[in-house]
Structures are given as C-alpha cells and as structure tokens.
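Going from the sequence shown to this note's numbering is simple: count from 1 and add 759.
Below is one structure, written out as structure tokens; the observations come after it.
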Amino acid sequence: MSEVLIVIANGSEEIESCCAFDILKRAGAKVTLAKVPSSSEDAGSLNLAFAHGLKTAADISIDDAAKKTWDMIIIPGGLPGTEYVAKSPVAIEMLKKQKAAGKWIGAICAAPALVLAPNGLLDGEKATAYPSVQEKLPDKTMAKEMVVVSNKIVTSQSPGTAFKFALELAKALFGEAKMEEVRKETYSMVCLISLYSNPNVLSIY
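So this is what it looks like as structure tokens:
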C-alpha cells in the first residue's frame with residue numbers, strides 16, 4: 760500500500776488538505792496527517808485549526824513523520840500554515856530527501872512558492888502556484904496551468920483547483936485507470952471555469 764504524508768499546521772487550507780486526503784484514500788493509499796507546530800508552546804499538541812476555522816487533530820508530529828519514508832509528501836497551502844511549514848527544518852529536510860530519492864512531492868497554492876522554491880526544490884522544474892506568488896517560481900512558463908506535473912513534483916494553484924490536483928496525485932501513484940475510477944466514483948465530471956481562458960467557455964474534466 761502506498762503511504763502518503765500530508766504536512767499541515769495551524770492555518771493550512773481546509774479544501775486543499777481534505778481533498779487530497781479523501782481522493783488518495785479512495786484510490787487506496789494510506790494517508791497520514793503530520794503536524795508542524797506553530798510555536799514552542801504548540802510543539803506537544805497534535806490539535807490544530809485550519810485557515811478558516813475547521814479543527815482537527817493530526818495523526819503524528821512532523822518529528823515522528825521524519826522517522827519514516829513516504830511514497831508521496833504533500834504540502835497544502837493556506838496562511839499562516841504554509842509559513843510554519845516553510846520555517847520547519849525537519850519538514851524541509853524531509854522534502855529534500857524525498858526529491859533526492861526520486862519520490863513524489865505535491866504542493867498547492869502558496870506552498871510551491873513559499874516552501875519548495877526557496878529551498879531549491881523547484882530548480883529545473885516547471886510549476887504553478889497561487890497567482891499572487893507565482894513571481895517567486897524559478898520557471899514560470901507553465902504558471903498559468905491549473906496543475907503542473909514536472910518529473911516527480913505536482914503543483915497546483917488554489918482551493919479551486921484542489922480536486923484536479925488530488926486526481927493528478929492519485930494518477931501519479933496508482934495510474935490513470937485508478938484515477939478514472941475515483942473520478943467516476945465521486946461524480947467529478949464537473950464544469951471547471953478556467954481562470955485564464957474565455958469565462959464563457961467551460962472545460963469538462
């Protein structure tokens with residue numbers, strides 16, 4: 760069974776975190792939530808509040824997560840959650856080892872620009888991110904795309920692209936047939952209005 764880690768903190772984005780969790784579970788992954796603490800006082804707690812007030816508890820701490828290997832590590836966006844992850848030496852070292860090992864990394868919204876790019880994890884990679892932080896990407900040639908897959912790094916733009924992002928993560932780990940199975944199971948033949956095309960034209964995914 761593929762093991763997936765979603766790294767979250769106080770202020771991580773709900774939709775991006777939960778969508779990835781749900782779709783990858785449906786695809787057959789074992790998904791674990793790891794918390795990065797927001798302060799020294801917060802270090803002993805697994806409880807957290809997402810960016811818009813949803814509360815949950817992580818499965819493990821980031822320190823415990825670092826003791827294992829993962830088939831995929833995902834960093835949702837959201838503020839200030841992304842900033843807490845960016846300041847975590849443990850999380851950054853895990854991501855560097857993940858890339859060096861040729862394993863999958865997923866990042867969405869602010870995370871590609873605030874977590875991956877400053878630490879050299881997007882060097883030589885095409886990527887996208889939340890529109891207001893795309894200037895921080897080293898290669899912007901595909902920044903207008905909703906989801907970008909570059910080698911073993913999958914990036915996406917925002918809460919509005921979270922479902923497509925999650926399906927691409929499922930495809931990366933389990934193949935197109937499984938992704939299609941999950942897409943049909945969740946009735947996701949939905950109309951997505953592209954932010955960068957004619958607003959009167961709907962693209963069907």
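All residues carry an ideal CB built from backbone N, CA and C; glycine is no exception.
Since the structure is predicted, the reported quantities are computational estimates derived from the model, not experimental observations.
Continuous alpha helix (DSSP H) stretch holding residue i: start and end
i	result
Ser776	Glu773 to Ala786
Val844	Gly840 to Ala845
Val941	Glu935 to Glu944
Leu854	Pro848 to Ala859
Residue(s) in a DSSP beta bridge with residue i
i	result
Ala808	Lys814
Ile832	Leu764 and Ile864
Ile819	Ala793
Ser909	Ile912
Endpoints, the beta strand (DSSP E) within which residue i is located
i	result
Ala793	Lys789 to Lys794
Val874	Segment: none, Val874 is in no beta strand (DSSP E) and carries neither H nor E.
Val913	Ile912 to Ser915
Integer-rounded CB distance, given that residue j should sit under 8 Å from residue i
i	j	result
Ser909	Glu884	4 Å
Ala793	Ala824	4 Å
Ala929	Ala786	4 Å
Of the listed residues the options, nearest to residue i (C-alpha basis)
i	options	result
His811	Cys868, Leu838, Met938 and Phe780	Leu838
Lys943	Ser776, Glu852 and Ile782	Ile782
Met831	Glu852, Glu800 and Val790	Val790
* Asked: Is there contact here, the region 910 to 930 with the region 858 to 865, by at least three beta-carbon pairs under 8 Å?
  -> yes
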